[in-house]
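Protein chains in written order, with full-length UniProt numbering: chain R, 1 to 97; chain Y, 1 to 97.
One structure is given here, and the rest of the page talks about it.
If you want it as C-alpha cells, here you go:
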C-alpha cells in the first residue's frame, strides 16, 4: 500500500444494439497511498521524538504508534477506536524501566 | 480520516434528446478509512511491543512508527520512502540512554 498508486478505471459502454455506437468515456480515479498521520504536527517535515530513558518516571510508559493520540507522542488508547473503525491491528510501544 | 467512510458516487445519464429515457445506474464505491499497518503481524489482534530500557545496548535506538520497517519494531528508515510516496511526515521514536 505504501508506495503504490492505484487507478480505478471504470469505463463502460451504455448501449447495445441500436446504441452500440455510443460509448461513455472511461472515468479514472486516482487513489493515492494513504498518509499514516492525518493531523499531528503537520507543520513539521518529519515528526521525530526523543525519550531519555533515564528520565522515565513510571515503571511502564506507552508510546503512540497509531498517530491518533491526543497526548502524542504518548499513547492515550486512541488505537482502540482506530482499530475498530478500520480493521487495523496497531498498538503502542511500551517502555519498561 | 480515521473513523469516516466516504462514498464516491458517480452516476450519470448517458443520453440526451432521443436517449433521455436511458439512464446509467449510479455507481457507488465505498472508500474505507485506511489502516495504518498494511502488513506487519496481521495474525495478531493488536501489535504491542515492549522495551526493557535497562537492556538497550546502544546510546540511541530508533523505533518505527510508520509501520513500514523491515526490522519492526525497530526503525530501518522506511518512513523516508513512505513520506515521499504519500506526502506524510512520520518519523521514529528515538530511545536515548
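No residue lacks a Cβ here, since even glycine has one placed at the ideal position from N, Cα and C.
Closest residue to residue i among the options (Cα-Cα distance)
i: residue 97 of chain Y; options: Y:35, Y:57, Y:46, Y:90; result: Y:57
i: residue 89 of chain Y; options: R:37, R:92, R:59, R:89; result: R:37
i: residue 77 of chain Y; options: R:25, R:41, R:46; result: R:46
i: residue 59 of chain R; options: Y:59, Y:60, Y:51; result: Y:51
8 angstroms Cβ cutoff met for residue i and residue j
i: residue 73 of chain Y; j: residue 94 of chain Y; result: no
i: residue 34 of chain Y; j: residue 34 of chain R; result: yes
i: residue 53 of chain R; j: residue 53 of chain Y; result: yes
Where residue i sits in the DSSP three-state scheme
i: residue 74 of chain Y; result: strand
i: residue 61 of chain Y; result: strand
i: residue 47 of chain R; result: strand
i: residue 122 of chain R; result: The structure shown has nothing for residue 122 of chain R, since chain R only spans 1 to 97.
i: residue 96 of chain R; result: strand
Rounded Cβ spacing between residue i and residue j (contact assumed at less than 8 angstroms)
i: residue 91 of chain R; j: residue 68 of chain R; result: Actually they are not in contact, since the Cβ atoms of residue 91 of chain R and residue 68 of chain R sit about 12 angstroms apart, beyond 8 angstroms.
Chain-ordered residues of the segment 81-95 of chain Y with a beta carbon less than 9 angstroms from chain R: 81, 82, 83, 84, 85, 86, 87, 88, 89, 90, 91, 92, 93, 94, 95
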